[in-house]
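Reviewing the structure listed below.
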Amino acid sequence: MSKSQKPTLTPAQLEYQSFARAREPKRPVLLNCFKAFLVGGLICAIGQGVSEFFLWHFDFTEKTAGNPTVAMMILFSVILTGVGVYDHIAQWSGAGTAIPVTGFANAMSSAAIEHRSEGLVLGVGANMFRLAGSVIVFGTFAAFIVALIKTLLAKAGGM
């Protein structure tokens, strides 16, 4: 909202805003960034360890180890969400757990757990995909646009 569109506040409202601002707790931004970096990096390091496990013990290539690695990280996230540990880690670290694929798995599984009493279809299924629907639609649309651009560039380069 531009300054010309802002509503004029009454003296009581201005007084309350300054009162609230003075009592608002200070946020430790640098500490929160460090925690997010630490936990997000730890999740990625665990993922790299899982990938190395598939490379060494199952003779995967770097290209083929990616899918089972992501599946294992999702499984770890769902198990930790189910036993109530992931939410405590997320509370402490903030965005550090939200960014990797494990954060999406946590959001999906916690929505399923929260609404299980409403039934499998209308509770678990509907609420899981209410959350994931926008992500799936955006991912599908973005993949279509990228493929279209790549195809057009390939056609233009081949002419």
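Our numbering puts the first residue of the sequence shown at 3, with every later residue one more than the last. A virtual CB, placed ideally from N, CA and C, is assigned to each residue, including glycine.
DSSP state of P102, grouped into three classes? coil
Could you tell me the alpha carbon to alpha carbon distance between Q15 and P102, rounded to whole angstroms? 42 Å
Under 8 Å: do the region 39–47 and the region 64–72 share three or more Cβ pairs, one atom per stretch? no
Can you tell me the Cα-Cα spacing of I81 and G96, whole angstroms? 19 Å
With distances taken between CB atoms, is the gap from S79 to G51 smaller than 9 Å? no
Whole angstroms are fine: how far does the CA of M130 sit from the CA of A113? 5 Å
Determine the direct distance from the alpha carbon of F56 to that of F62, and round the result to whole angstroms. 6 Å
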